[in-house]
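*Asks:*
Protein chains: 4
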Amino acid sequence: MIVVMKTSASERDLQEVIARIEQFGFATRSIVGSERATVSVLGAPLPDSLQEALERMPGVEEVVRITKRYKLASREFHPDDTVIHVGDVAVGGNEVVVIAGPCSVESEAQIIQTAHAVKAAGASMLRGGAFKPRTSPYDFRGLGEEGLRLLAKARAETGLPIVTEVLSVADLDMVAEYADVLQIGARNTQNFLLLEAVGKTQKPVLLKRGMSTQIEEWLLAAEYIMAQGNEQVMLCERGIRTFETITRNTLDLSAVPVVKRLSHLPIIVDPSHGTGKWYLVPSMMLAAVASGADGLIVEVHPNPDHALSDGSQSLTFENFSAAMPKLARVAEAVGRTVRAPQMEMAAD
Amino acid sequence: MIVVMKTSASERDLQEVIARIEQFGFATRSIVGSERATVSVLGAPLPDSLQEALERMPGVEEVVRITKRYKLASREFHPDDTVIHVGDVAVGGNEVVVIAGPCSVESEAQIIQTAHAVKAAGASMLRGGAFKPRTSPYDFRGLGEEGLRLLAKARAETGLPIVTEVLSVADLDMVAEYADVLQIGARNTQNFLLLEAVGKTQKPVLLKRGMSTQIEEWLLAAEYIMAQGNEQVMLCERGIRTFETITRNTLDLSAVPVVKRLSHLPIIVDPSHGTGKWYLVPSMMLAAVASGADGLIVEVHPNPDHALSDGSQSLTFENFSAAMPKLARVAEAVGRTVRAPQMEMAAD
Amino acid sequence: MIVVMKTSASERDLQEVIARIEQFGFATRSIVGSERATVSVLGAPLPDSLQEALERMPGVEEVVRITKRYKLASREFHPDDTVIHVGDVAVGGNEVVVIAGPCSVESEAQIIQTAHAVKAAGASMLRGGAFKPRTSPYDFRGLGEEGLRLLAKARAETGLPIVTEVLSVADLDMVAEYADVLQIGARNTQNFLLLEAVGKTQKPVLLKRGMSTQIEEWLLAAEYIMAQGNEQVMLCERGIRTFETITRNTLDLSAVPVVKRLSHLPIIVDPSHGTGKWYLVPSMMLAAVASGADGLIVEVHPNPDHALSDGSQSLTFENFSAAMPKLARVAEAVGRTVRAPQMEMAAD
Amino acid sequence: MIVVMKTSASERDLQEVIARIEQFGFATRSIVGSERATVSVLGAPLPDSLQEALERMPGVEEVVRITKRYKLASREFHPDDTVIHVGDVAVGGNEVVVIAGPCSVESEAQIIQTAHAVKAAGASMLRGGAFKPRTSPYDFRGLGEEGLRLLAKARAETGLPIVTEVLSVADLDMVAEYADVLQIGARNTQNFLLLEAVGKTQKPVLLKRGMSTQIEEWLLAAEYIMAQGNEQVMLCERGIRTFETITRNTLDLSAVPVVKRLSHLPIIVDPSHGTGKWYLVPSMMLAAVASGADGLIVEVHPNPDHALSDGSQSLTFENFSAAMPKLARVAEAVGRTVRAPQMEMAAD
């Protein structure tokens, strides 16, 4: 942390800043330049309250943080890539992992049929929401535990691990009983109590970026989970809110190489929420893998124009099957693999 | 809802759109113009899933919603202003209500002293956080129930009603036992389970706008609370996230007259979070009242440079006392009043 | 400028950074902390290219600028408020200056009638566009020089100084011949050639903030004008582009006290473009003055629903006349004045 | 255009809206639903002023535009892809075109050396700025005509066509004399006079998206050029301004498939400005091509840490040469080609 003094600051202002830092228990080094003085605070971690205290003092122009606020999530302190194992799927390794399925679980037929279809096309995991956050109180909010049971049935039939959202601490035990990966949605990226609760489980977590979350804040959200002992966090870029209205969000693919540089955690991309339009999804699936993403999470529905939620951004089985071979070619072009399309075995 | 057909749409595309809408149980009227056809859907409320279904159909260019998605919060359906009574304070009436206090309750001395000071300067309610959401897991998160007890003690001494944040459904009963107004913070504006839970209480709610929440979404969040039977919702503008970095957020004061036009609910402004800098707060207090706000919520701390949170945006007692007479003059200029500064009576 | 080294940086990395800075001719001071080293660069002004060079070097984590990039526009180097005189109007003094008039000059009757009406209500200057930037090539773009002549005629009749936009260097001489204040529009805030050209005139300039211009960039735009010798720059906040779609822009009133702190230049607010809705304009006029603005620029039209541009954000004469007495009361509440409504004298 | 009436609108309000539209010369069709009436305006193109007029009328809730405001740039009216020929390079065809070179032309050695290096690595065109827009008046602004002469010399030596920015109408003839493609920079996307001026030339234009330009506005900017008779417009996505600060801009790759759907014009991506960090550029080059871009424009400099501008986002020759074979593989994966690396012939 560096305290930048005003050009008009007095020697006494400077001495008081130094004294205040020392009260907090940190050492200082000050430099008097031609225009102004600066004071460096030595030590870490430095609390926000120190910054706030210094910003108010007479003669202080601004206080600049130079150390990162996250540590467990940081590549500086953990240089090697983290690989997370979910059943026989490794997230963060050479294989690009494709997670696919409907926005919401709506019926047994819908989820079982989708699970078979996405597995056949090369998906490695099944997504599906049983608890849905909806902007309007008048919209469908998921089947609840019945939805979880149907997901488990789809897993039993196809062997695909399940990714599903947990909305609240109260539901966590129930969701964790069924899920292979706990999804934290974009509206809960900074629901810190929920982050800590999933941090106390041993389940892998898929942590979506909030719609106005800066990358540093997103990594701090991961830090909340990791600080509780659960280091199995996969980050998920799903678009940020901007002034552009043609797309539902602006998918920030540069976040992929940024996260790879700052953190050791795997990163997944959600082109369905990222764009909000099914016809943009295939292009952005390819672009995400080319940018270095470790996986994708894609909405697929047997009949999107009858979907109870997110119909406008869901791929049909045909769209998804058509996209996967192209994805495999792009993955190969960047030195990675995608699971081959397969005829799945019924579980019974 | 209006379906805009492509210029290239066929007659058959048009007929299928009409059939699909009728399947949902709604009547239609179509208009064939010189360039393209449009189909109006008659009836309300129209589900999101209808819009999503239509957007995918062949020949459809776009689907435009023309009805509002909220009703209980809407002035169209409730023309008169809502006034919310908290003790002897009326929010949404002629008096501009000033809520003041520290970001976090830190100690008995701090909160009691602040309560007296802000009451003396003309505040009508006391704010203070016992449960604090913090971006970093390494920062101070509030005293919990002990903080609530200290707030209650401050209320007993000064008579000021208490506004405090509830972070989770699990804590709600406890917080509601102490609080006069339940605050929903900006990170929970779309925590729909929490909204419904406070909707089931009979406590007034102060609902902050999320940092990337559009005004329509904010009113839908209020709708969640109201749909559970609790109509005592005060909205609170606290700044939105933009590209500008000098201020912590961009305080959107035009939201005040927008909300007044669209809704009957009272609106409060938080210039402390809205700017993030204590030296900008007094100007924005005045501007908020001039824009038509029904109240303010302002961070005040006995010694901001020793605050455990938000020190850089808190006013000192002196700053706050100096701002209040100016506020009274501006309130009077727009035909409203502010509570006069007063010598409070100890509650004993 | 401070160079923050990586925790993994070697002593050699550090020495090379120091050597590179010295090549640019600047002195350094380095501090080796517990986690990492930092190097301060002494001297000013420091070129962007130094920052860019250092950011690429091995072992460098980031480079943080601590000195401001503008000087002439800065209050640090020019503590006293600048007051700009336009005829008998002083911008930046105690009087809140109201500039009013139509978006575009459309006819002699329209501009003359408007000039009389706004003067009668208390405006001090007349605005009107003769050259209009329009998003679509198919919209009305102003009357050109004929519009300037009509503005001059309105000035001759009412004595009101004229504020009008200059769109290009090619038109500058012509516009400057008629205008009292040259307006630089939001799309030209970073049209640096135009800024320098108006900097070479002796005319006061009203410099609008661009729709995605940070305050620092806006002050650098003012610096462009001032560096050519013209220090008569009034800044104009007119809303920034955000994710909110109900308003045309988000009016950033906190920019008013921010600019007052960072700069000595006067600041004007444009609530018409800032909101895009006439019914929000009166509230935001009051809020702007309460926030500390030195003036307002407001669109007024005799018959806005027949306006050739910006009809939806223009006030009628009645709206404007009704707003002005309220404005005077708010101005008085913050210790300032507004020109009294007056019966104007015809000039001949 | 559809006029949505308020639920409280009277029959007379409705009749006046219809009369107003007819005054403008357009036919109407009205629909009275259960909650409210709507009026469709038939005909095209509909002026902004009609929308603005209607928005103000009593009983009107909102006015929704349903027709596009651009026509020449629209795929609806021009279904086939436009291919633009620059020398032997075809932009918008099967080959992914790579434009590379320094931000600014700095010296003969620098530009000639770079031209040879980028050609050898597979670039098809050379970029280089002779006139540079700079945020601060104290930074390097290019060599002017001398820079253009050096670019021409580099073209003579390597055969690479030249892409260079034109900043103003005054410079256009001079720049057009040397350039093969005229670049309109992000600060000039809505400099309508400059757009019309390049529209009157016969030179291909590379039109960058402004940092806060919506896609519709960008296509309207293209429309300005095309309306003057020059249909050779290539669009260039270069990042938009958002709340994220780690990257210089947020590269909006979903704009690529959006533009492909809405328009027939080719689209190029600039990952250098789009990210602002050289180490993010290679990943985003690959992602851009995977998303469907017709080309890339990339900053390459012999010695970026000595560059006079944009050093932090420029690739070295080695970085660029290393990225190109990967790019070729990704292009092939999506069914396209990249020019093979080549040993160029000196022109003499």
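Chains as they are written, first to last, in this note's numbering: chain R, 257 to 604; chain X, 257 to 604; chain P, 257 to 604; chain F, 257 to 604. Glycine is no exception: its CB is placed at the ideal position from the N, C-alpha and C atoms. Computed from a predicted model, the values in this text were never measured in an experiment.
Assuming R:K582 contacts R:G548 under a Cβ cut-off of 8 angstroms, what Cβ separation, rounded to an integer in Å, is found between them?
*Replies:* By one-based count along the first sequence, residue 582 of chain R stands at place 326. By one-based count along the first sequence, residue 548 of chain R stands at place 292. Incorrect: roughly 17 angstroms between the Cβ atoms, too far for contact.
*Asks:* Below 8 angstroms CB to CB, which residues in the same chain sit around X:S570 once its five sequence neighbours on both sides are set aside?
*Replies:* Start at 1 with the first residue of the second sequence, and residue 570 of chain X comes out as number 314. Cβ neighbours of X:S570 beyond the five flanking positions: P358, C359, S528, W534, E555, V556, H557, P560 and A563.
*Asks:* Please compile the residues from chain P whose C-beta is within a distance smaller than 7 angstroms of the C-beta of R:V260.
*Replies:* For the purposes of this step, residue 260 of chain R is identified with residue 4 of the first sequence, where counting begins at 1. Per Cβ cutoff of 7 angstroms: I322.
*Asks:* In chain P, which residues lie less than 8 angstroms from X:V590 when you measure between Cβ atoms?
*Replies:* Position 334 of the second sequence, counting from 1, holds the residue named residue 590 of chain X. Within 8 angstroms Cβ-Cβ: L542, K582, R585 and V586.
*Asks:* Listed in chain order, which residues of the stretch 548-577 of chain F have Cβ atoms closer than 8 angstroms to some Cβ of chain R?
*Replies:* G548
*Asks:* Tell me, please, which residues DSSP counts as bridged to P:Q439.
*Replies:* What you label residue 439 of chain P is simply residue 183 of the third sequence in a count that begins at 1. According to DSSP, which records beta bridges pairwise, P:Q439 is partnered with P:E421 and P:L462.
*Asks:* So for F:T263, helix, strand or coil by DSSP?
*Replies:* What you label residue 263 of chain F is simply residue 7 of the fourth sequence in a count that begins at 1. Coil.
*Asks:* Quick one: grab the DSSP three-state call for X:H557.
*Replies:* Sequence index remark: in the second sequence, residue 557 of chain X carries index 301 (1-based). If DSSP states are grouped into helix, strand and coil, X:H557 belongs with coil.
*Asks:* Which whole runs of the beta strand (DSSP E) in the stretch 504-535 of chain F are 3 residues long or more, in chain order?
*Replies:* 523-525, all fully within the stretch 504-535 of chain F.
*Asks:* On the three-state DSSP scale, how would you describe X:E318?
*Replies:* Here residue 318 of chain X refers to the residue found at position 62 when the second sequence is read from its first residue. Note: X:E318 maps to strand in three-state DSSP.
*Asks:* With a threshold of 8 angstroms, are at least 3 pairs of Cβ atoms found where one atom belongs to the stretch 497-515 of chain F and the other to the stretch 312-319 of chain F?
*Replies:* no
*Asks:* Is it the case that the stretch 342-357 of chain R contacts the stretch 367-384 of chain R, given that we only count it when at least three CB pairs across the two stretches are under 8 angstroms?
*Replies:* yes
*Asks:* By DSSP, does F:I502 sit in helix, in strand, or in coil?
*Replies:* The residue given as residue 502 of chain F occupies position 246 in the fourth sequence. Coil.
*Asks:* Counting only Cβ pairs nearer than 7 angstroms, list the residues of chain P close to X:P513.
*Replies:* As a working note, residue 513 of chain X is residue 257 in the second sequence. Residues of chain P passing the Cβ test: L536 and S539.
*Asks:* Determine which residues of the stretch 294-327 of chain R have a Cβ less than 7 angstroms from any Cβ of chain X, and write them out in chain order.
*Replies:* P301, P303, D304, S305, E308, A309, E311, R312, M313 and R325
*Asks:* Could you say which of P:R276, P:S392 and P:L552 lies nearest to F:E452 if we only look at CA atoms?
*Replies:* Here residue 452 of chain F refers to the residue found at position 196 when the fourth sequence is read from its first residue. Closest by C-alpha distance to F:E452, out of P:R276, P:S392 and P:L552, is P:S392.
*Asks:* Identify every run of the beta strand (DSSP E) within the stretch 333-391 of chain F, keeping only runs that are complete inside it and at least 3 residues long; order them along the chain.
*Replies:* 340-342, 345-347, 351-357 and 381-383
*Asks:* Report the option in F:N575, F:V514, F:L509 and F:D566 whose CA atom is closest to the CA atom of R:A546.
*Replies:* On the first sequence, residue 546 of chain R is found 290 positions in, with the first residue counted as 1. Here the closest residue by C-alpha is F:L509.
*Asks:* Could you pull out every residue in the same chain whose Cβ sits closer than 7 angstroms to the Cβ of X:I287, ignoring the five residues on either side in sequence?
*Replies:* Walking along the second sequence from the start, residue 287 of chain X turns up at place 31. Around X:I287: A293 and T294.
*Asks:* Spatial neighbours of F:G299 within its chain, please: CB distance less than 7 angstroms, with the 5 preceding and 5 following residues excluded, ordered by chain position.
*Replies:* Numbered from its first residue, the fourth sequence carries residue 299 of chain F at position 43. Only F282 and A283 meet the Cβ criterion.
*Asks:* When DSSP labels each residue in this structure, what does P:T457 get in the three-state scheme?
*Replies:* Within the third sequence, the letter at position 201 stands for residue 457 of chain P. DSSP places P:T457 in coil when its eight states are reduced to three.
*Asks:* Can you pull the chain P neighbours of R:I287, defined as C-beta to C-beta under 7 angstroms?
*Replies:* By 1-based counting over the first sequence, the position of residue 287 of chain R is 31. Per Cβ cutoff of 7 angstroms: R285 and S296.
*Asks:* Compare the Cα-Cα distances from X:L302 to each of X:R325, X:E291 and X:D427 and report the closest residue.
*Replies:* Here the question's residue 302 of chain X lines up with position 46 in the second sequence. Looking at X:R325, X:E291 and X:D427, the one whose alpha-carbon comes closest to that of X:L302 is X:R325.
*Asks:* Give me the chain F residues within the contact set of P:F333, using Cβ-Cβ distance strictly less than 8 angstroms, ordered along the chain.
*Replies:* Position 77 of the third sequence holds residue 333 of chain P. Ordered by position in chain F, no residue passes the 8 angstroms Cβ test against P:F333, which lies about 14 angstroms from the chain.
*Asks:* Could you pull out every residue in the same chain whose Cβ sits closer than 7 angstroms to the Cβ of F:A596, ignoring the five residues on either side in sequence?
*Replies:* As a position in the fourth sequence, residue 596 of chain F is number 340, starting the count at 1. If you ignore the 5 residues before and after F:A596, its C-beta comes within less than 7 angstroms of the C-beta of G378, all in its own chain and listed in chain order.
*Asks:* Compare the Cα-Cα distances from R:A376 to each of R:A356, R:V361, R:V425 and R:Q366 and report the closest residue.
*Replies:* Residue 376 of chain R sits at position 120 when you count from the first residue of the first sequence. For the residues R:A356, R:V361, R:V425 and R:Q366, the minimum Cα distance to R:A376 belongs to R:A356.
*Asks:* Looking only at DSSP bridge pairs, what is R:L493 linked to?
*Replies:* The sequence position of residue 493 of chain R within the first sequence is 237, counting from 1. Note that residue 493 of chain R is Glu in the sequence shown, not Leu. Bridge partners of R:E493: R:V525.
*Asks:* Alpha carbon to alpha carbon, how far is R:S296 from X:K456?
*Replies:* Numbered from its first residue, the first sequence carries residue 296 of chain R at position 40. Numbered from its first residue, the second sequence carries residue 456 of chain X at position 200. Going from the Cα of R:S296 to the Cα of X:K456 covers about 51 angstroms.
*Asks:* Name the residues in the stretch 401-432 of chain X whose C-beta lies less than 9 angstroms from a C-beta of chain F; which are they?
*Replies:* none
*Asks:* Show which residues of chain P have a CB atom less than 7 angstroms away from the CB atom of F:P389.
*Replies:* Residue mapping note: residue 389 of chain F aligns to position 133 of the fourth sequence, counting from 1. In chain order: Q446 and F448.
*Asks:* With X:A410 as the anchor, note down where its alpha helix (DSSP H) starts and where it stops.
*Replies:* Taking the second sequence and counting its residues from 1, one reaches residue 410 of chain X at position 154. Its alpha helix (DSSP H) spans residues E401 to T414.
*Asks:* Nearest to P:L536 by alpha carbon, out of P:I524, P:F576, P:G551 and P:F499?
*Replies:* Position 280 of the third sequence, counted from the first residue, corresponds to residue 536 of chain P. Residue nearest to P:L536 within the set P:I524, P:F576, P:G551 and P:F499 is P:F576 (criterion: CA-CA distance).
*Asks:* Using the C-alpha atoms, what's the distance from R:N444 back to X:Q366?
*Replies:* The count along the second sequence starts at 1 and reaches residue 366 of chain X at position 110. The count along the first sequence starts at 1 and reaches residue 444 of chain R at position 188. About 32 angstroms.
*Asks:* The beta strand (DSSP E) spanning F:L210 covers which residue range?
*Replies:* Outside the shown range of chain F, which is 257 to 604, sits residue 210 of chain F, and nothing can be said about it.
*Asks:* If we define contact as Cβ-Cβ less than 8 angstroms, is P:I471 a contact residue for chain X?
*Replies:* The residue labelled residue 471 of chain P in the question sits at position 215 within the third sequence. Taking Cβ atoms only, chain X reaches closer than 8 angstroms to P:I471, which makes this a yes.
*Asks:* Give a yes or no on whether 8 angstroms exceeds the smallest Cβ distance from R:D395 to chain F.
*Replies:* Start at 1 with the first residue of the first sequence, and residue 395 of chain R comes out as number 139. No, R:D395 does not count as interfacial toward chain F.
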